[in-house]
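Notes follow once the structure below has been shown.
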Amino acid sequence: MTLEELNTFVTTQANVSMEAYYWWCTAFMVIIHVGFLMYEVGATRMKNAVSSGVKNLLAFAFMIPTFWLFGWYIYLAFPAGFVPIDLEGYGTPWNVSMGPMLSDQATGVFWAAFTLFACTTASIFSGAVIERIRLSAFTFLAVILGSVVWITGASWGWHPDGWLVTGFGYHDVGAAGVVHTIAGWFAFGVLLNLGPRIGKYNEDGTANEIEGHSLISSFIGLLMLIVGFFGFLGGCLIWAGSDLGGWINIYGAPATLSSFAFNTLMGLSGGMIGAFWYSKGNPFWMMSGGLAGIFICAGGLDIWYPGFAFVLGVVGGIVIIPANNWLHNTFKIDDCVGAVSVHGVAGILGVLMVGIFASGYPASGDIPPTSFVGQLVGVITMIALGFIPGYVISLLMKSIGWLRVPDSVQLAGIDSAELGLNAYADK
Amino acid sequence: MNSWPGPENSWEGVDAYFTWANSPGMLVFISLLVAVILAGIIWSAARHESEVADKNK
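So the protein lines, in turn, are chains Y and X.
With the numbering used here, the residue at position 269 of the first sequence is 269, and numbering never jumps.
With the numbering used here, the residue at position 4 of the second sequence is 4, and numbering never jumps.
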């Protein structure tokens, strides 16, 4: 074998391996949607179980073509802010790279991974609004969140040329801000306009617990979410295969999948244990705490010491419970799965932890090092980017009667009224 | 109607290939068609929901 042949062989194998890696990350991320579906169906009363599942399927199905139409382009074109940069057509559906192309093994698998990130972001919002949002309204809002809003945040803070990165050294490798914070606060904005389910609050302002119909389904769903997030977090690293450079994070700095493995598992464990202790054994909070433990570590998954990630996880698992109670008591929202707290609050902490405990870490090229100010600017941007469109668009939809299921349909159950189906033959 | 970009029965020189959409007009048409299908189905679902709501009053 000549040196040239060897070079061709190694480069080809590196590209094929890179393709295969992101292919399987994408497949694992589909499991996130199995998890969200099972979790939300279980948290729903029996009369709305089918429509709750249909809602999850719709988010998934609509996200893929809309992300192909404009989501991927938004990510590539808007790192400078609201004015697109000239990409000479790259990222548009009619570009040669947006289809079968023998010399481009990267675009399709990266697009697929980002599409599943988008599906995940939309599904985070999904659980908060079960049992009283119109399916069509949810689908529209999911497209806005998944194929426009979060990907704009990703372009600003999860892209090596994003203005938050080049200007402030924003560091968020596992998407604590660009996915979880944005999705959580988008959901909060919608919840303010959507209102609670009938029977959630009494006239004196006290709340009632509306129990779901299958704790087992919710349990399995939450565990499936954790399985799926390994695909999600694996997809957050860049395989610089053809450059023979190994792993880099999304900002071009050296990283390892091992660091992600250490800190994801330790954060998960800490979150479960913290929530177990604070909630006095509530299994719902224990599993949600595990997720919050991952999210509070997500901004710095590439840099934490695993023991510290565990401590952060414990904090995340504890904090989300009083945060959820405060949000409900103060704003009288009905966040059926605690999404604002688990994603929105833990996401904020995930970004800020990097600024508090990991300032001064370099990225690559001219990107400034991490700093508390950079992380603070980033997290404020992510909160605003999630909340403002969520609130304003849902307010407009509410004003034209296109947001909430009428009370009569809610009382009858969406499954039988709208879909002509029941989840179980024997009620 | 075949849009094969290479020589007959050969992959010689072929790189990108958009089956059935190898002209700017078809690319734009198919992209618009996808958008119209998506928007139309959301609109159709909303109409169904409104009809159901009227029946359940």
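Note that CB positions come from ideal geometry on N, CA and C, so glycine has one too.
Burial state of residue i (16 or more Cβ within 10 Å)
i: V165 (chain Y); result: buried
i: Q375 (chain Y); result: buried
i: T8 (chain Y); result: exposed
i: Y305 (chain Y); result: exposed
i: Q13 (chain Y); result: exposed
i: Y424 (chain Y); result: exposed
i: D335 (chain Y); result: buried
i: T381 (chain Y); result: buried
i: V109 (chain Y); result: buried
i: K55 (chain X); result: exposed
i: L32 (chain X); result: exposed
i: M1 (chain Y); result: exposed
i: E209 (chain Y); result: exposed
i: R47 (chain X); result: exposed
Any chain Y beta carbon closer than 8 Å to residue i
i: L27 (chain X); result: yes
Of the listed residues the options, nearest to residue i (C-alpha basis)
i: M18 (chain Y); options: Y:G246, Y:L69, Y:N202, Y:F62; result: Y:G246
i: T121 (chain Y); options: Y:Q105, Y:I64, Y:I321; result: Y:I64
i: K55 (chain Y); options: Y:Y75, Y:E131, Y:S371, Y:G108; result: Y:E131
i: F308 (chain Y); options: Y:F28, Y:A175, Y:G267, Y:G146; result: Y:G267
i: N325 (chain Y); options: Y:V337, Y:V315, Y:V314; result: Y:V337
i: T161 (chain Y); options: Y:I226, Y:P79, Y:V392; result: Here the sequence assigns Asp to residue 161 (chain Y), which means Thr is not the residue at that position. The shortest Cα separation from D161 (chain Y) among Y:I226, Y:P79, Y:V392 belongs to Y:P79.
i: G317 (chain Y); options: Y:T330, Y:P283, Y:E211; result: Y:P283
i: F357 (chain Y); options: Y:W156, Y:G300, Y:V319, Y:V345; result: Y:G300
i: G350 (chain Y); options: Y:C25, Y:A176, Y:L257; result: Y:A176
i: A275 (chain Y); options: Y:V319, Y:V178, Y:D302; result: Y:V319
i: I216 (chain Y); options: Y:T44, Y:I32, Y:V190, Y:E418; result: Y:T44
i: S3 (chain X); options: X:A21, X:G13, X:W11; result: X:A21
i: I198 (chain Y); options: Y:I414, Y:S416, Y:D407; result: Y:D407
Run of the alpha helix (DSSP H) containing residue i, from where it starts to where it stops
i: R47 (chain X); result: 24-55
i: G274 (chain Y); result: 257-278
i: A119 (chain Y); result: Inspection of the sequence shows that residue 119 (chain Y) is occupied by Cys rather than by Ala. First-last of the alpha helix (DSSP H) with C119 (chain Y): 107-128.
i: H328 (chain Y); result: 306-331
i: Y75 (chain Y); result: 72-77
i: A358 (chain Y); result: Counting along the chain, A358 (chain Y) falls outside any alpha helix (DSSP H), and DSSP gives it neither H nor E.
i: P65 (chain Y); result: 49-66
i: A384 (chain Y); result: 372-399
i: G184 (chain Y); result: 182-194
i: E5 (chain Y); result: 3-43
i: T206 (chain Y); result: Per DSSP, T206 (chain Y) belongs to no alpha helix (DSSP H) and is neither H nor E.
i: L135 (chain Y); result: 135-144
Residue-chain proximity (residue i, chain X), Cβ-Cβ < 8 Å
i: M101 (chain Y); result: yes
i: V165 (chain Y); result: no
i: L421 (chain Y); result: no
i: L69 (chain Y); result: yes
i: V190 (chain Y); result: no
i: S123 (chain Y); result: no
i: E4 (chain Y); result: no
i: W94 (chain Y); result: yes
i: E88 (chain Y); result: no
i: A417 (chain Y); result: yes
*Give, in chain order, every residue of the segment 22-43 of chain Y whose Cβ lies closer than 7 Å to some Cβ of chain X.*
none
_Members of the segment 127-155 of chain Y that neighbour chain X once the beta carbon cut-off is set at 9 Å_ = R134, L135, S136, A137, T139, F140, V143
*Below 9 Å between beta carbons is the criterion; list the residues of the segment 263-292 of chain Y that meet it against any residue of chain X, in chain order.*
none
*asked:* Residues of the segment 28-39 of chain X in Cβ contact with chain Y at a cutoff of 7 Å, in chain order, please.
replied: V28, S31, V34, A35, L38
*Against chain Y: residues of the segment 8-27 of chain X by CB proximity under 9 Å*: W11, V14, D15, A16, Y17, F18, T19, A21, P24, L27
*Selection of the segment 382-413 of chain Y by Cβ proximity to chain X, strictly under 7 Å*: Close to chain X, meaning a Cβ-Cβ distance shorter than 7 Å, are the following residues of the segment 382-413 of chain Y: W402, P406, S408, V409, A412.
*asked:* Along the segment 50-75 of chain Y, where does the CB come closer than 7 Å to a CB of chain X? Name the residues.
replied: F62, P65, T66, L69
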